[in-house]
Structures are given as structure tokens and as C-alpha cells.
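Novice: Let me begin by handing over the structure; questions about it come next.
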Amino acid sequence: MEEETTQSCRILLFFTTGKPCHQTGLELSYITVGGVVPSEAIIDALANEMAFDYLYTGQEREYSDLTSRLDSTELSADNRKVVDNYQAELSEQISSLFNMVASCLSQQNAHLQGINKLSQSRLEAHNKAVLEMKKKVQASRDLYSFHLEAVQNIVRLHKANSNACLEEVSALTTSSACSIDEFLASGDETTSSLFDELHNALTSHQGEMALFARELRQVNALRYNIELAYAYFGLGRIQKLFS
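Add 1 to a position in the sequence shown, counting from 1, and you land on the number used in this note's numbering.
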């Protein structure tokens with residue numbers, strides 16, 4: 002009984018001071034707790050309570066460690082679940098983004114093909130219009146050359162006709178003058194008045210013929226200049242049209 006009391010006191014002192022106790026039972030009987038000498042029952046009760054507190058504290062510590070481990074495990078599981086959910090959402094978003102990019106590329110390719118077809122049709126229409134314009138330009142050049150040659154032929158024809166008329170008039174005038182001179186030379190003096198009248202008439206007629214010939218030359222020259230100006234005007238208009 003004394004040994005149990007001594008052991009209880011040692012346990013009580015160990016939990017009270019935190020140091021091992023080596024005193025005997027007699028020495029321990031004089032140790033006071035709070036200034037009061039404890040009895041064996043009180044010492045046993047205190048020792049049991051302190052032992053229970055120690056055991057309870059150890060179990061509580063182990064429980065806390067286990068709880069913290071479980072919490073960390075649950076946290077890891079929750080984190081894993083969050084990561085899995087994020088990965089699933091990210092995969093879904095990447096898949097939707099890939100589908101959207103593929104759709105955009107498909108639409109862009111279709112748009113580019115449409116633009117290519119439209120450009121080809123526009124280019125073909127442009128080439129066709131250029132070819133038709135070249136044909137029209139060539140036809141206009143040919144027509145211009147034909148009309149210019151026709152105008153030049155008409156001008157040369159009028160000039161030749163005018164020269165022929167002038168030569169014929171000059172020949173007739175010269176022939177008439179020669180005939181009159183011969184007639185006057187072979188006539189007698191009685192015909193001098195008639196000769197003078199006839200000479201005056203012929204002189205007047207010759208002046209009128211010269212005036213007519215000069216006017217005819219002027220008319221032909223004016224007609225030639227007008228036709229030439231018309232030809233140059235048409236040539237200038239066509240050159241401006243194709244320049």
C-alpha cells in the first residue's frame with residue numbers, strides 16, 4: 002500500500018513538475034500540493050486524473066493528427082476533383098475553340114473561293130471587253146483610212162476636173178483670139194469699127210473668163226481646203242478618242 006502511494010506521489014510530482022522524482026515514501030509524505038499534505042486517496046485521485054488527462058491529451062493529439070491527415074486527404078481529394086473538373090472544362094473549352102476555329106477556317110475558305118470565282122469572272126469579262134474594244138478600234142481605224150482615202154480621191158478628182166476646165170477655157174480663149182486676129186488682119190478698113198467692137202467684146206469676154214477662171218480656182222481651192230480640214234478634224238477626233 003505504501004509502495005502504491007509512493008508511486009502515485011511520484012507520478013503526481015512528475016505531471017506537476019515535469020521532472021522525475023527519486024524521493025522515498027517518507028520524504029514524499031511531506032510534499033505538499035498547494036501547501037496541504039495530501040492523503041493517499043487524494044494522491045491516488047490526483048494521479049489517476051493526471052494520468053487520464055495525459056492519456057486523453059495523447060489521444061486527442063493523435064485524433065488531431067488523424068483528423069488533420071483526413072482533412073489533408075479530403076483536401077487532396079477535393080483539389081483533385083477541382084483539377085479534374087477544371088481539366089474537363091478546359092478540354093471542353095479547347096474542343097469548342099477548335100470547332101469554332103475549324104468553322105471559321107471553313108467559312109474563310111468558302112469566302113476565298115467565292116472571291117476567287119468572282120475575280121475569275123471579272124477578269125474574263127475584262128479580257129472580253131478589252132478584246133471587243135480592240136476589234137472596235139481596229140474597225141474604226143480601217144473605216145477612218147477608207148474615208149480618208151475616199152476624201153483624198155475626191156479632192157484629186159475635183160482638182161483634175163478644175164485643171165481640165167481651166168485648160169479648155171484657156172485653149173478656147175487663145176483659139177478665139179487667134180481667129181479674130183487673123184480675121185482682122187485679112188479684113189479691110191471698113192471693118193475696123195466692127196473689129197474694135199468685137200475686140201472690146203472679146204477683151205471683156207476674156208476678162209470675164211479670166212475672172213470666172215480665178216473664181217473657179219478659188220472655189221476649188223476653198224473646197225479642197227474645206228475637205229482637207231474636215232479630214233484633219235476627223236483624224237484629230239479619232240486620235241483623241243483612242244489616246
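Positions of the beta carbon are idealized from the N, C-alpha and C atoms, including for glycine.
Can you check whether the CB of Ile-239 is closer than 8 Å to the CB of Tyr-145?
Specialist: Taking the first residue of the sequence shown as position 1, residue 145 is located at position 144. Taking the first residue of the sequence shown as position 1, residue 239 is located at position 238. The answer is yes: Cβ separation under 8 Å.
Novice: Quick one: what's got a C-beta closer than 8 Å to Leu-167's C-beta in the same chain, skipping five residues either side?
Specialist: Residue 167 sits at position 166 when you count from the first residue of the sequence shown. Shown here for Leu-167: same chain residues with a beta carbon closer than 8 Å to its own, the five before and five after excluded, namely Ala-214, Leu-217, Arg-218 in chain order.
Novice: Along the chain, which unbroken stretches of the beta strand (DSSP E) at least 3 residues long are found entirely within the stretch 107-155?
Specialist: DSSP runs (the beta strand (DSSP E)) wholly in the stretch 107-155: none.
Novice: Thinking C-beta only, is Tyr-225 closer than 8 Å to Lys-160?
Specialist: For the purposes of this step, residue 160 is taken as the residue at position 159 of the sequence shown. For the purposes of this step, residue 225 is taken as the residue at position 224 of the sequence shown. In this structure, Tyr-225 lies closer than 8 Å to Lys-160 by Cβ.
Novice: Let's test the definition: count the other Cβ atoms within 10 Å of the Cβ of Met-101 and tell me whether it reaches 16, buried, or not, exposed.
Specialist: The sequence position of residue 101 within the sequence shown is 100, counting from 1. Answer is exposed; the Cβ neighbour count stays below 16.
Novice: Would you kindly check if the distance between the Cβ of Leu-242 and the Cβ of Val-156 is under 8 Å?
Specialist: Counted from its first residue, the sequence shown places residue 156 at position 155. Counted from its first residue, the sequence shown places residue 242 at position 241. No, they are not a contact pair.
Novice: Could you check how far apart the C-beta atoms of Val-245 and Ala-232 are, in whole angstroms? I think they sit under 8 Å.
Specialist: Absent from the structure is residue 245, since the part of the chain shown begins at 2 and ends at 244.
Novice: Is the beta carbon of Asn-221 closer than 8 Å to that of Ser-273?
Specialist: The requested residue 273 does not occur in the structure, where the chain is confined to residues 2 to 244.
Novice: Just how far apart, CA to CA, sit Leu-223 and Val-131?
Specialist: In the sequence shown, the residue the question calls residue 223 occupies position 222. In the sequence shown, the residue the question calls residue 131 occupies position 130. Leu-223 and Val-131: Cα-Cα distance of roughly 42 Å.
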